[in-house]
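The numbering of the sequence shown is our numbering, which starts it at 23 and goes up by one. Report on the following structure.
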Amino acid sequence: MDSFGYKKCPKKNYQKMTVQVTPEWEEIFIVHCFEQGATGIEHLFETASRITLAVYFTNMSIQMQDIFTFFQHKYMLSPEKLRLIHCKIHQCKDWLLEWQKHFHPIPINNELIVCPPWEIPKDSVFQHHLLINPGNGFGSGSHPSTILALKLLSTHIENAQAPLNSILDVGTGSGILLIASQFLGLKHLVGMDIDFPSVIDAQNNFQLNHMTGQVLSICGSPECVDFSFDIVISNMMLQELKSVRNALKKI
Numbered sequence: 023m024d025s026f027g028y029k030k031c032p033k034k035n036y037q038k039m040t041v042q043v044t045p046e047w048e049e050i051f052i053v054h055c056f057e058q059g060a061t062g063i064e065h066l067f068e069t070a071s072r073i074t075l076a077v078y079f080t081n082m083s084i085q086m087q088d089i090f091t092f093f094q095h096k097y098m099l100s101p102e103k104l105r106l107i108h109c110k111i112h113q114c115k116d117w118l119l120e121w122q123k124h125f126h127p128i129p130i131n132n133e134l135i136v137c138p139p140w141e142i143p144k145d146s147v148f149q150h151h152l153l154i155n156p157g158n159g160f161g162s163g164s165h166p167s168t169i170l171a172l173k174l175l176s177t178h179i180e181n182a183q184a185p186l187n188s189i190l191d192v193g194t195g196s197g198i199l200l201i202a203s204q205f206l207g208l209k210h211l212v213g214m215d216i217d218f219p220s221v222i223d224a225q226n227n228f229q230l231n232h233m234t235g236q237v238l239s240i241c242g243s244p245e246c247v248d249f250s251f252d253i254v255i256s257n258m259m260l261q262e263l264k265s266v267r268n269a270l271k272k273i
């Protein structure tokens, strides 16, 4: 496991055999490959007369060329029926690290910047560094709707005529809006999501931002809330919002 709780990809190679096969021979060829140790099959392309398959093997001792040749000779198939495109060896990538290359700090306003925990700016001019380690929960700070929600939240709190203390985040995802709310001075923070893994992701992000025990996390829908808040915010799809609008009216 790495320092952020993800299981790293094992550093080993795998084999990939790409073939073209006619529809009537596809199924029996796939069965043959699995019998010979294949660990996966991918449909790459299909026409009325040809299907292009990728066959994967993690056992590096398997000779893919032999598997293909044996099948072709056994059924006396011409290249028009079954054709070998190529056999290649690939190295397994660490997809977590590949994804992390595209997640960088995002300034929200003059005081707040959203950062992944592996790239915190040094000598930053920002007062608050909002750390987000997104998992299943939506809200890395890079999506336009998240940036818009953060900016609207900041503007609303700063321009409020009376002090604001409480907020409910419906569909809290990664917890990014609640973390920003704490930086903006709100004290009573409640987040809810119907997806339990997202609730766990949010709690992990609260811990990253030294907010353990400061947020009430609920796995459920707005129907289970019977008290009011100074702010109710939600960064969800329109259809999802419509499905809970009656419950939101009562909060």
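Note that the Cβ used here is the ideal one computed from N, Cα and C, for glycine as well. Just so it is clear, the structure is predicted and the values come from calculations on it, not from any experiment.
### Query
Are there 16 or more other CB atoms within 10 angstroms of the CB of GLY213, so buried, or fewer, so exposed?
buried
### Query
If you follow the alpha helix (DSSP H) that LYS271 is part of, which residue opens it and which one closes it?
260-271
### Query
Which runs of the alpha helix (DSSP H) spanning at least 4 residues fall entirely within the stretch 73-134, listed in chain order?
Counting whole runs of 4 or more residues, the stretch 73-134 contains the alpha helix (DSSP H) stretches 86-96 and 117-122.
### Task
For MET23, name the three-state secondary structure that DSSP assigns.
Any answer about MET23 is weak, because its pLDDT of 39 lies below 50 and its placement is not dependable; what the coordinates show is given next. Note: MET23 maps to coil in three-state DSSP.
### Query
What's the call for THR168, buried or exposed, on a 16-neighbour Cβ count within 10 Å?
buried
#### Entry: Pairwise C-alpha distance: GLU48 and GLN94
12 angstroms
### Query
Secondary structure at HIS165, three-state DSSP: helix, strand or coil?
HIS165 falls in the coil class under three-state DSSP.
### Query
Measuring CB to CB, does LEU174 end up less than 8 angstroms from ASP252?
It is not a contact, given that the beta carbons lie outside the stated cut-off.
### Message
What does the Cβ neighbour count give for SER203, buried or exposed, with the cut at 16 atoms within 10 Å?
### Response
buried
### Task
Could you tell me which uninterrupted beta strand (DSSP E) segments, each at least 3 residues in length, are contained entirely in the stretch 161-211, listed from first to last along the chain?
188-192
### Query
Among residues of its own chain, excluding the 5 on either side of GLU141, which ones have a beta-carbon nearer than 7 angstroms to its beta-carbon?
HIS126 and PRO127
### Query
Given a threshold of 16 other Cβ atoms within 10 Å of its Cβ, counted over all protein chains shown, does PRO101 qualify as buried or as exposed?
Exposed: under 16 other Cβ atoms inside 10 Å.
### Query
Looking at the structure shown, is GLN15 part of a helix, part of a strand, or coil, going by DSSP?
Residue 15 lies beyond the residue range present for the chain, which begins at 23 and ends at 273; the question has no answer from this structure.
### Query
Going by the CB atoms, is the gap between GLY242 and ILE273 shorter than 8 angstroms?
no
### Cut-off 6 angstroms between Cβ atoms - residues of its own chain near PRO129, not counting five sequence neighbours on either side
Result list for PRO129: ILE135, in chain order.
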